[in-house]
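What follows is a short report on a single structure.
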Amino acid sequence: MHPKNAWYVACTPDEFADKPLGRRICGQPLVFFRGEGGKVSALEDFCPHRGAPLSLGFVREGKLVCGYHGLAVAPDGRCAHMPAQRVRGFPSVRRVPAIERYGFVWVWPGDPALADEALVPRLVWGDNPEWAYGGGLYHIQCDYRLMVDNLMDLTHETYVHASSIGQPEIEEAAPQTRVEGDTVITSRHMHNIMPPPFWAAALRGNGLADDVPCDRWQICRFSPPSHVMIEVGVAHAGKGGYDADPQYKASSIVVDFLTPETDTSMWYFWGMARNFKPGDAALTETIRAGQARIFAEDLDMLEAQQRNLLAYPERRVLSLNIDAGGVQSRKIIERIVMAEQAMAQAVATA
Amino acid sequence: MHPKNAWYVACTPDEFADKPLGRRICGQPLVFFRGEGGKVSALEDFCPHRGAPLSLGFVREGKLVCGYHGLAVAPDGRCAHMPAQRVRGFPSVRRVPAIERYGFVWVWPGDPALADEALVPRLVWGDNPEWAYGGGLYHIQCDYRLMVDNLMDLTHETYVHASSIGQPEIEEAAPQTRVEGDTVITSRHMHNIMPPPFWAAALRGNGLADDVPCDRWQICRFSPPSHVMIEVGVAHAGKGGYDADPQYKASSIVVDFLTPETDTSMWYFWGMARNFKPGDAALTETIRAGQARIFAEDLDMLEAQQRNLLAYPERRVLSLNIDAGGVQSRKIIERIVMAEQAMAQAVATA
Amino acid sequence: MHPKNAWYVACTPDEFADKPLGRRICGQPLVFFRGEGGKVSALEDFCPHRGAPLSLGFVREGKLVCGYHGLAVAPDGRCAHMPAQRVRGFPSVRRVPAIERYGFVWVWPGDPALADEALVPRLVWGDNPEWAYGGGLYHIQCDYRLMVDNLMDLTHETYVHASSIGQPEIEEAAPQTRVEGDTVITSRHMHNIMPPPFWAAALRGNGLADDVPCDRWQICRFSPPSHVMIEVGVAHAGKGGYDADPQYKASSIVVDFLTPETDTSMWYFWGMARNFKPGDAALTETIRAGQARIFAEDLDMLEAQQRNLLAYPERRVLSLNIDAGGVQSRKIIERIVMAEQAMAQAVATA
């Protein structure tokens, strides 16, 4: 259950810097490589000659060469060359629209005719020297929608991330969820609280006192197909909270791109974007390492939850006010999927 | 194929001393913890909020708190508290009758209304200072009934446990099997034989000569649902065998609680109870370690046998006189299961 | 999809020198051991008593003794003895025709009445002191026919074995395939090329110059059910190539016995036979180690290809001229299997 006609983050360029990368995205085994002119290409990971995965091959002169018998495939999927063979009649390898932007490779698993590069989400921090970004990738054995739920209900921080970003005051501040078109926004504001360890460190990193009461906020934004951006931060209490002058606050954007692998597994591209000290690479790495540790705490829980839900497929779970962000996000996903299926059926009928 | 309305050993208290224990018993994922007043509780391992396993949580003030979003569940399964939520309308977590006795936690996977604590088997050595007990737990990938067969036919000792308790004289002494109500008793008596290593050591431990002919006995008792107690021992020959005066013999009770996990896997609680030198903790540990090593020898065989039987589901095996104990035990199990099913159907019809 | 009435290589005698060997061959779990008089026997790996694998037992006085309760089975499968039991009425263990020849154990998984020892393929190097042989065994998760394809199209050497036996000239020389009865022969001759590392070493080993142009040949012979013998070699250019006088060449026979385990896994017995310096055991080992390394390079590719083909069961692959050897071999396999099924049906009808 996921939209097909959408841009998903598939990988980062470093993953295929040395050799092609094979990765299953939305159920499709794909191979990623950099072809002629350095442009990224995504093809079905299946050589038309004998079915070997093209990702076991190599790139030569901008073509992807199968590592079994040497069929060379052009970035557009056409068979370009094979030793002592005429390849003109060979079937092409299916190409999947792919584009490199903001340090990610985005793929469009649905109808290529609909793949519009203008639909790649605009990331304010993506190509702006006033921002810095650090992140990573986790492979998780769960439906990506369990991660949507997770990110749209940060109440879990108090339990899963008790030693870093969790604090009891989170669950005491009721979140508010609103839907704007296909975007779901769940926000929570805490007032006059002591910053938890992660934010105390961020305040210090910003040259601010870390032992004074603060206001804290979390503004989660889901947008289709499965992106969740979370504005998070603290400001010294009484300075305006989220709207405080930068000199009183530490804030950043938690970045979450959730890409289905199968119905019950996913690729989780997580990271953090900040607009303070953007040139401080050591700080970027410190934050990245901390986030990696914190976000890894979710994995066991989500995978165990997935196993439980598979064991009790008929069981209903609760939808409380804190779950509203996830519930609304799933509704939008379902609506989009239904619309895609209706369109596919209309096309098939016509 | 196992009785549901019966007490099974599920775990030992040390297994949930620090944090809740998740364990599948008779196909049901359960969580064990010590609630208010220190009483053991067993609940379905599924949080009604979002389906996370409760066993990943923790105990606070006698309640089991879900480690994902903090729903606190009382030992009786009722939702007791959740930060910033009104839990009155929340569905309860299914409770499974559990009782702590004799150093084990016993659960009743069937109809709670039928769970009578008086039906927990009486263990003569369970709370008697004149007895000592040591044991352990193995997780085995086989139908628990293969272990019933194993324990009711000790002929296998000669082959599987050749270096410790096995000896050729075992298979030369024909066993005798009788059924008394729901109990099956298979007994074997060997006369005027040399004690094998394990028993020679036990004689020495009792201050008795280990290099003289002995009488040896094995009296296996199956009782539903799947408990097998085996009286085992040796006495200096000519002193009355099983009935010899304690000064001439070394004896103990092999304790086997077999608990189905799934149709093809089980929890094996094994141990040994003795009524000599009960205060000698070092001796208890020596015996426990020896038994752990010996009983581990059965695992590979049983798991390989299970794989073979699954590969040839239609194949009949032989039922020899040595198999009578297992055959009769399985008949009792089947009779109980049939009766339970008939009762369930009668209730459903009414 | 494999012929049943044929001799397959099942194992080598060293594999059951110390204890019985359990191995699944053509879907059947078998046990191999050396019985009375040292003759090899293959039985179904299932004890008629309780279904334990006989391969967990041991050999005593030429009988295979079950390691669970001691049933002794004669090499012909008849139950020979069991302590304190009369075995006359016991069902026999199914025997599978087996014969030891040329250092291999060959089994006939089909109708025993058709198992004719004269049908074991004649190996010119098998019992000839002028030849030496070294080889090994790989367990691969793929349909054995993918390996037939692999061996009948050595174009892959250029890609998979680039650093040892591969060279671009292979793919430039078109192979020729012809069918002679049930044998498929694909041959390729390269002229006036520099020898690749493996063959340069072989030339040196033969006391020949390794830095001069050579002729090179590969003559692959498939014969049912799944044997592929490949004559390979190089000769100094202009000396007659394949037909050159031995003093100008280095050559050998690549030996490949492919034995199905399941529909998607196989046992790969690989090796090399040579008729130069047959007494040089160190050379045999050097060649064997090199071949082990080279042939291991195919494993990842074949297993990945198998996974891809299973993921796209409906997908057609290409059959180029280089694939003709594999295509023709598969046709012969299919014809034999069809004939066996027709015969089985005729017998069933009659």
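Note that the protein sequences, when read in sequence, are chains A, B and C. For the first sequence, full-length UniProt numbering begins at 1 and goes up steadily by one. For the second sequence, full-length UniProt numbering begins at 1 and goes up steadily by one. For the third sequence, full-length UniProt numbering begins at 1 and goes up steadily by one. Positions of the beta carbon are idealized from the N, C-alpha and C atoms, including for glycine. The model shown is predicted, which means the values in this text are computed figures rather than measured ones.
My guess is that B/Pro-260 and B/Ala-237 are in contact by the Cβ rule of under 8 Å, so how many angstroms apart are they, rounded?
Between B/Ala-237 and B/Pro-260 the Cβ distance is about 41 Å, and since that is not below 8 Å, they are no contact.
Cutoff 7 Å: C/Leu-56 Cβ touching any chain B Cβ:
yes
Any C-beta of chain A within less than 9 Å: which residues of the stretch 145-161 of chain C qualify?
Leu-146, Asp-149, Asn-150, Asp-153, Thr-155, His-156, Thr-158, Tyr-159 and Val-160
Can you tell me which of the three DSSP states C/Trp-199 falls into?
helix
Taking its Cβ as the centre, do 16 or more other Cβ atoms sit within 10 Å of B/His-2, making it buried, or is it exposed?
buried
Taking just the CA atoms, how far does B/Gly-35 sit from B/Ala-74?
7 Å
Quick check: what's the CA-CA separation for residue 353 of chain B versus B/Thr-286?
Any question about residue 353 of chain B goes unanswered here, given that chain B covers just 1 to 350.
Identify the contact partners of C/Phe-90 in chain B, using a Cβ-Cβ distance below 8 Å as the criterion.
Leu-318
Residues bridged to C/Ala-118 (per DSSP)
Its beta-bridge partners do not exist; DSSP assigns none.
Whose CA, out of C/Phe-276, C/Val-228 and C/Trp-108, lies closest to the CA of C/Ser-41?
C/Trp-108
So who's on the other strand from C/Tyr-144, going by DSSP bridges?
Looking at the DSSP assignment, C/Tyr-144 forms no beta bridge with any residue, so it has no partner.
Please confirm if C/His-69 has its CB atom under 7 Å from at least one CB of chain B.
yes
Is it right to say B/Val-124 is buried, meaning 16 or more other beta carbons lie within 10 angstroms of its own, or is it exposed?
exposed
Residue range of the unbroken alpha helix (DSSP H) whose run includes A/Ala-281
281-311
Using DSSP with H/G/I as helix, E/B as strand and the rest coil, what is B/Ile-332?
helix
Under a CB-based cut-off of 7 Å, is C/Pro-109 close to chain B?
no
In the DSSP assignment, find the beta strand (DSSP E) that holds C/Pro-168 and state where it starts and stops.
That residue, C/Pro-168, is in no beta strand (DSSP E); its alpha helix (DSSP H) goes 168-172.
Determine the extent of the alpha helix (DSSP H) in which B/Val-160 is found, giving its start and end residues.
157-160
Counting only beta-carbon separations shorter than 7 Å, does B/Pro-83 have a partner in chain A?
yes
Comparing alpha-carbon positions, which option in C/Glu-180, C/His-227, C/Arg-145 and C/Gln-218 lies nearest C/Arg-122?
C/His-227
If you draw a straight line from the alpha carbon of B/Pro-313 to that of C/Phe-198, how long is it in whole angstroms?
51 Å
Please classify B/Val-96: does DSSP put it in a helix, a strand, or coil?
strand
Check the Cβ of A/Met-301 against every Cβ in chain B and list those closer than 8 Å, keeping chain order.
Ala-52, Leu-56, Gly-67 and Tyr-68
Measure the alpha-carbon distance for A/Arg-145 versus A/Gly-240 and round it to whole angstroms.
34 Å
Output, in chain order, the set of chain A residues within a Cβ distance shorter than 9 Å of B/His-139.
Those do not exist, as B/His-139 stays about 17 Å from chain A at its closest Cβ, beyond 9 Å.
Under 7 Å between C-beta atoms of C/Pro-112 and C/Pro-129:
no
Which residue wins for smallest C-alpha separation from A/Asp-263, given the options A/Trp-270, A/Thr-158 and A/Leu-309?
A/Leu-309
Start-end ranges of the beta strand (DSSP E) lying completely within the UniProt domain "Rieske" (7-107) of chain C, minimum 3 residues
8-11, 21-25, 28-34, 40-44, 58-60, 63-65, 79-81, 98-101 and 104-107
Paired residues, beta bridge with A/Ser-267 - DSSP:
Residue identity differs from the one stated: residue 267 of chain A is Trp in this sequence, not Ser. A/His-139 and A/Thr-259, per the DSSP bridge assignment.
If you draw a straight line from the alpha carbon of C/Pro-196 to that of A/His-69, how long is it in whole angstroms?
18 Å
A/Ser-223 to A/Thr-186 span [Cα, whole Å]
12 Å
Taking the beta strand (DSSP E) that A/Asp-215 falls in, what are its first and last residues?
214-223
Strand pairing of A/Gly-238, partner residues [DSSP]:
Note: A/Gly-238 sits in no beta bridge, so no partner.
Ordered along the chain, which non-local residues of its own chain (more than five positions away) have a Cβ less than 6 Å from that of C/Gln-141?
Ser-265 and Glu-303
Relative to the alpha-carbon of A/Arg-293, which residue among A/Glu-171, A/Pro-225, A/Ala-235 and A/Ile-165 has its alpha-carbon at the smallest distance?
A/Ile-165
To the nearest angstrom, how far is it from the Cα of A/Pro-168 to the Cα of A/Thr-158?
6 Å
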